[in-house]
């Protein structure tokens, strides 16, 4: 069974852990990823940007299953940011560097279709149901 990405859950958990420990959560973002909306003038030559997402530094922070959204000031100008979770490369505490770097996630594979016309071919590859026995 295919599962959803664990990345947004890990981001949320580490964010809470970092804040609960009185540290400042930073996220490292691939600013070249699809759907990333960040101030491009602050992106480094490698196409990355580090963002402070401490509750005192941002407004309306939302960490969802697909993206992170918030409002932050850059040079005194309020800016809305939108970051797909797949573009978050890591989250860590500024004070001690503790956190996590994420591995690139493979693109989900499309479901395989049976082109032979054999209706039982899909059933043969399906995993067996668990079988429990009572042991006395």
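In this note's numbering, the protein residues as written are 168 to 303. Beta carbons: idealized from backbone N, C-alpha and C, even for Gly. Here the structure is a predicted model, which means the values were calculated and not measured.
query: From residue 259 to residue 168, what distance separates their C-alpha atoms?
result: 31 Å
query: When we look at the beta-carbon of residue 266 and count the other beta-carbons within 10 Å, is it buried (16 or more) or exposed?
result: buried
- prompt: Who are the near neighbours of residue 192 in its chain, counting only those whose CB is closer than 7 Å to its CB and skipping five residues on each side?
  reply: 182, 185, 186, 220, 221, 258 and 260
message: Rounded to whole angstroms, what is the Cα-Cα separation between residue 194 and residue 271?
response: One Cα belongs to residue 194, the other to residue 271, and the distance between them is close to 15 Å.
- request: Thinking residue 198 and residue 210 are a contact (beta carbons under 8 Å), I'd like their distance in whole angstroms, please.
  value: Contact between residue 198 and residue 210 holds: their C-beta atoms lie close to 4 Å from each other, under 8 Å.
- prompt: Which full runs of the beta strand (DSSP E) of 3+ residues lie inside the stretch 196 to 278, going along the chain?
  reply: 215 to 219, 225 to 230, 234 to 241, 244 to 251, 255 to 260 and 266 to 268
field: Secondary structure of residue 282, DSSP reduced to three states
entry: Note that residue 282 has pLDDT 49, beneath the 50 cutoff, so the model's placement of it is unreliable and the number below is only indicative. Coil at residue 282, not helix or strand.
task: Pick out whichever of 263, 248 and 190 has its Cα sitting closest to the Cα of residue 196.
output: 248
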